[in-house]
Amino acid sequence: MIPEIKKILYATDLSESSRMSLSWAMALAAKHNAPLLMLNVIEEIGSSSPSLQFYLTEQEWDDLQQRINRDAAEIMKKNLAGFCDSVKAEIPECTYVADEIIVVAGDPVDKIISTAVDRHCDVIVMGTVGAGGLVGAIMGSTARRVLRRSPIPVLVVPKKTGG
Numbered sequence: 010m011i012p013e014i015k016k017i018l019y020a021t022d023l024s025e026s027s028r029m030s031l032s033w034a035m036a037l038a039a040k041h042n043a044p045l046l047m048l049n050v051i052e053e054i055g056s057s058s059p060s061l062q063f064y065l066t067e068q069e070w071d072d073l074q075q076r077i078n079r080d081a082a083e084i085m086k087k088n089l090a091g092f093c094d095s096v097k098a099e100i101p102e103c104t105y106v107a108d109e110i111i112v113v114a115g116d117p118v119d120k121i122i123s124t125a126v127d128r129h130c131d132v133i134v135m136g137t138v139g140a141g142g143l144v145g146a147i148m149g150s151t152a153r154r155v156l157r158r159s160p161i162p163v164l165v166v167p168k169k170t171g172g
């Protein structure tokens, strides 16, 4: 039986290298006439700011975290839309538009997998390398951990594809 692709989750960190994986996600969505969901995960602010937390009540700290996450989500949604537009401008064949832009806070691996499962996606598309240095190692690590833990097929696109 040939699997049907009815919904695609594209997970991105908005790095330069994730442009190639977006083009693959758009191509898959167009070919299968499948909705494309774009996901960006913002890592939550931890309690690593004890000096600030010292001056706030627990409720004030929670409110601050929620406000920062909400503001960051709005900024990231605009950035994702712009990112999608810039890729379409660079690669004219990528005419497909994201059906939904999702920004959530939390652990990237957990959120990518739970979003794909909760939204009944048939495939997750993501890049292998994020930004350089330590951040790049983390994104590569994220792709590997999603690949290992996901009950849904994962298309991992390298930074540079042949051709």
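The sequence shown begins at 10 in our numbering and counts up by one.
C-beta atoms are modelled at their ideal positions from N, C-alpha and C, and glycine is treated no differently.
Nothing here was measured: the structure is a model prediction, and the numbers come from that model.
Straight-line Cα distance separating residue j from residue i
i: residue 28; j: residue 47; result: 12 Å
i: residue 108; j: residue 45; result: 5 Å
i: residue 122; j: residue 158; result: 8 Å
i: residue 83; j: residue 113; result: 10 Å
i: residue 10; j: residue 150; result: 32 Å
i: residue 14; j: residue 98; result: 26 Å
i: residue 88; j: residue 160; result: 29 Å
i: residue 74; j: residue 66; result: 12 Å
i: residue 38; j: residue 24; result: 21 Å
i: residue 216; j: residue 77; result: Since the first residue shown for the chain is 10 and the last is 172, residue 216 is missing from the structure and cannot be characterised.
i: residue 130; j: residue 117; result: 17 Å
i: residue 17; j: residue 68; result: 38 Å
i: residue 110; j: residue 95; result: 15 Å
i: residue 64; j: residue 80; result: 22 Å
i: residue 85; j: residue 43; result: 23 Å
Buried/exposed call for residue i, threshold 16 Cβ in 10 Å
i: residue 152; result: buried
i: residue 40; result: exposed
i: residue 49; result: buried
i: residue 22; result: buried
Contacting residues, own chain, Cβ-Cβ under 7 Å from residue i (five flanking each side not counted)
i: residue 144; result: Its pLDDT being 46, under 50, residue 144 is placed unreliably by the model, and the measurement read from it follows with that caveat. Excluding residues within five positions, none has a Cβ falling inside 7 Å.
i: residue 20; result: 48, 121, 133 and 135
i: residue 155; result: 118, 121, 122, 133, 135 and 163
Cβ shell of residue i (< 6 Å), same chain only, five flanking positions each side left out
i: residue 71; result: none
First and last residue of the uninterrupted alpha helix (DSSP H) at residue i
i: residue 122; result: 117 to 127
i: residue 38; result: 27 to 41
Limits of the beta strand (DSSP E) - the one that residue i falls within
i: residue 111; result: 109 to 114
i: residue 19; result: 17 to 20
i: residue 164; result: 163 to 166
Cβ contact (3+ pairs, closer than 8 Å) linking the region 32 to 44 and the region 125 to 139: yes
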